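**Student:**
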Amino acid sequence: MSKPKFQKGDLVKLQYGKSNSTTWIVEGIGSKEINGKVFPLIMIRLGDRIHGVLENEIILDSAQQEHD
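Numbers 671 to 738, taken from the working numbering, label the letters of the sequence shown in order.
(1) Under the three-state reduction of DSSP, which class applies to residue 690: helix, strand or coil?
(2) Under the rule that 16 or more other beta-carbon atoms within 10 Å means buried, what is residue 714, buried or exposed?
(3) Name the residue from 687, 680, 708 whose alpha carbon lies nearest to the alpha carbon of residue 695.
(4) Grab me the residues of residue 720's own chain with a C-beta within less than 8 Å of its C-beta, minus the 5 sequence neighbours each way, in chain order.
(5) Considering Cα atoms alone, identify which of 686, 717, 689, 709 is closest to residue 674.
Okay, structure coming up:
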């Protein structure tokens, strides 16, 4: 699995609809297997649930932080 671009506590933006986006705090990092490949899964809180999104669904790291 590639190293995730984000860490717990980072702010990320997700696109929904044609022109709407919203900012979420990363709650943790997981993984998801798709067609035999493992991808980082970014965990965000939606209400009282934790929801996982793939990194390619994130449009912007709103804090513009780089991690080594």
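Using N, Cα and C, we set each Cβ at its ideal position, and we do this for glycine too. Please read these numbers as outputs of a predicted model, since none were measured by experiment.
**Tutor:** So, from the data block:
(1) strand
(2) buried
(3) 680
(4) 697, 698, 713, 714
(5) 709
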